[in-house]
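Chains as they are written, first to last, in the numbering used here: chain A, 1404 to 1830; chain B, 1404 to 1830. For every residue, glycine included, the Cβ atom is placed at its ideal position computed from N, Cα and C. This report concerns only the one structure given below.
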């Protein structure tokens, strides 16, 4: 089912970005409607797309109570442990504002402040992801964001999945609206009568949500756009083929465009993993999706050695990279491009999706070359601080004027010149 | 010339973003041409738009030598001082990778690495900005980017402005191509026979450059899109009206959409500044532009007190904010939204544009609510590191399985389950 190729025959499949012209047009129009008609438009779209007529977008308190009855004690324990881990890891990303004293009494600073108001989109319907709530809300809380607004689409009875509700309640998020789709993104970006506009929107969604986020970018901030998930495993003959196959399939089940690649110098392991994939995939509920992904996008590449595997991995720049090799630690510094690096046999990718503490929002489609996992910095902004001294200006003013004049910006020069003249230092 | 209004009459003018549909179409087609025909297409566009037929995109070495003859000693001194200041300030932004030890021998990390290859666009032609070279290249160098590729359009003789060339040479940038416009962005994003593709593109340009950067975003990283420049001054009756007027005009000369706003509780200062603007603008070479900007986008707002001025400033979220008030330091912590804060009478905005050390690439059009000055982080990426232990997996595996199952992702659950079973901890 999965192709096995030699490294010199391997070319990476990457989908050309579809422009989604039709969906984009729909989304632009929906945003316009929400800007013009506010709540009324959001209500109409919710009726049309979610099949429910909501008078109040807020989640009734009874739904939270009911949700706690519906989740298992094990889920609640897992959720609370995960929250603790995620919080601890992200707290390590905080850093202080800095001041840099320069010559002549000049003081420069980089002030770091939390964003004030952030919107978090959580997908709903059949795909309800409590882990999405944790991964998007906790970094914002750690950053110190005071106002976190969560939106998630309701089912036809106006309910939100219990796992998602429990996650929201455990994190203490108070402002929650039962709306989804492009209408929710528009409401967050531009505000309505009941929902005040936010400064930034994060969180995954379907193509309409993604296009809406792209369309409102500039008015508000967004985190980077997510593409299909992917995993790349580098393994040698010390790796357990059952583990490798299971980890490849864990990403393949996400969608038919998900990419699962094994790089190994061991032809034996390659064949064992290929057999294990056939064996394991047969038992999966999402078998059809996983099979299609493995067939279309998957590959096992037999490399000359581990060095070549590392070089290929750096070209692929995977979202998730697993090192299932002897002395795995030694390869970490060579992995230039990867969203997350999982080291050793027990660092299976789902450990990072749900539990250990790192963020599962990671750069996809090779963007790990230049972008980062979602992190506390995504919810902070910097400000430059300049306190220039009279002494420094008198000393350097002529140089600043010269640079402005070389660029032909005389009003810039004049702002400095007028100060020099007043102090008797003019030309 | 400039309107004076009471604070309760003040509404911020902000241009609706033009969609630039026609220009976008042109740019998309140019990118396609460059992807298909490489250097040949870049050469053809350079012939058409820059009026020169270049056999070699590289800058001939003699041009650097000639450039040093053409710039003034004062400019060279200013440039070297500015480089030193900018480097020192940006070095303060560096930070180390971190490791977070968790329970049960688990180790999590946030690795921080420089991007490998970055493209810097520097505008050319009549508007040649050596300061742009410094502000975009130095943070990349401080971050540790190994390969910096600079592109800038030539004049009809194939020359680059001497100030820009000297700045490039002082910074030691070696890979420089005489190309500009959308064709240069396409070449950087996709690569040609002579120019290898980069990971990220930064730097300002005209509307075609901006649209091209937007179009290649995803294939490569870009920094945020720049809009018209703006300045907001908060001043009390201790401020010198000549300084205030000069600083407002320094941004107004950038373009007709540049925004210059004064907020002051002093009606006297408001009137003095209005008169000074009329007086000073008359002497400016870029008078027509500055006048149009002041008329269309400028405003002097008389506020009830300084607290109200701060509140309005936070709503405007200016690119540059000057505090020309008594005890200016006391207001810094209240300025939530501003790209750069200039404190006191000698911190005139051009000090930051050219010299003091902070970056002049700042968030415009109110985006200071959620984005930051260009900084070293823009040239770094993060990677998550997960080394999960056998002990931790045996202890927490069931919880991870439960969370995966609640989300309906059975292959995720299976990757954990298969490990528990092998260790005799299966269900």
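Contact between the stretch 1618-1634 of chain B and the stretch 1718-1725 of chain B is established, with three or more Cβ pairs separated by less than 8 angstroms. Contact with chain B is found for residue 1488/A, since one of that chain's Cβ atoms lies less than 8 angstroms from the residue's Cβ.
The beta carbon of residue 1423/A is closer than 8 angstroms to those of 1610 and 1614 in its chain, skipping five residues each way along the sequence. Chain-ordered listing is empty here: chain B has no CB closer than 8 angstroms to the CB of residue 1440/A, the nearest sitting near 18 angstroms. At the C-beta level, residue 1566/A and residue 1607/A stay beyond 8 angstroms of one another. The beta carbon of residue 1627/A is closer than 7 angstroms to those of 1766, 1770 and 1774 in its chain, skipping five residues each way along the sequence. By the neighbour-count criterion, in which 16 or more other beta carbons inside 10 Å mark a residue as buried, residue 1784/A falls on the buried side.
Cβ neighbours of residue 1512/A within its own chain (closer than 6 angstroms, five residues either side excluded): 1502 and 1788. Assigned with DSSP and collapsed to three states, residue 1624/A falls in strand. For residue 1710/A, the closest of 1689/A, 1668/A, 1674/A and 1748/A by C-alpha to C-alpha distance is 1668/A.
Within the same chain, Cβ atoms closer than 6 angstroms to the Cβ of residue 1664/A are found at 1635 and 1702, the five residues on either side in sequence being excluded. If the five residues before and after residue 1601/A are omitted, its C-beta is found closer than 7 angstroms to the C-beta atoms of 1520, 1521, 1522, 1552, 1591 and 1623, all from its own chain and listed in chain order. Closest option to residue 1442/B, judged by alpha-carbon separation, among 1463/B, 1593/B and 1488/B: 1593/B.
Nearest CB-CB separation between residue 1747/A and chain B: below the 8 angstroms threshold. Non-local beta-carbon contacts of residue 1538/B in its own chain, meaning distances under 6 angstroms to residues more than five positions away in sequence, involve 1762, 1763 and 1764 in chain order. A residue is called buried once 16 or more other Cβ atoms fall within 10 Å of its Cβ, and residue 1688/A, having fewer, is exposed. Each of 1508/B, 1482/B, 1504/B and 1515/B was checked against the Cα of residue 1498/B, and the nearest Cα belongs to 1515/B. Listed in chain order, the positions of the stretch 1784-1799 of chain B with a beta carbon within less than 9 angstroms of a beta carbon of chain A are 1784, 1785, 1786, 1787, 1788, 1789, 1790, 1791, 1792, 1793, 1794, 1795, 1796, 1797 and 1799.
When CB distances to chain B are screened at a threshold of 8 angstroms, not a single residue of the stretch 1706-1730 of chain A falls below it.
For residue 1434/A and residue 1620/A, the gap between their C-alpha atoms comes out near 12 angstroms.
In the DSSP assignment, residue 1429/A falls within the unbroken alpha helix (DSSP H) covering 1424-1440. Note that the stretch 1642-1662 of chain B touches the stretch 1805-1825 of chain A; at least 3 beta-carbon pairs, one per stretch, sit closer than 8 angstroms. Taken through DSSP and simplified to helix, strand or coil, residue 1633/A comes out as strand. Using a CB distance below 7 angstroms, the part of the stretch 1494-1508 of chain A facing chain B consists of 1495, 1496, 1498, 1501, 1503 and 1505, ordered along the chain. Between residue 1527/B and chain A, the shortest Cβ-Cβ separation is not below 8 angstroms. Cβ-Cβ separation between residue 1413/B and residue 1704/B: approximately 5 angstroms, consistent with a contact (criterion under 8 angstroms).
With respect to chain B, the C-beta atom of residue 1751/A has a partner C-beta closer than 8 angstroms. The shortest C-alpha to C-alpha distance from residue 1751/B to any of 1800/A, 1469/A, 1438/A and 1471/A is the one to 1800/A.
Annotation: residue 1707/A to residue 1542/A spans about 41 angstroms, alpha carbon to alpha carbon.
For the pair residue 1530/B and residue 1806/A, the CB atoms are not nearer than the 8 angstroms cut-off.
Interface flag for residue 1534/B against chain A is set, since a Cβ pair is found closer than 8 angstroms. DSSP places residue 1580/A within a strand segment (E or B) once states are collapsed to three.
Among the CB atoms of chain B, none fall inside 8 angstroms of the CB of residue 1734/A.
Beta bridge pairing from DSSP links residue 1701/B with no other residue. Under the DSSP assignment, residue 1414/A falls outside any beta strand (DSSP E); it carries neither an H nor an E label. Here residue 1644/A carries a helix assignment [DSSP, helix/strand/coil].
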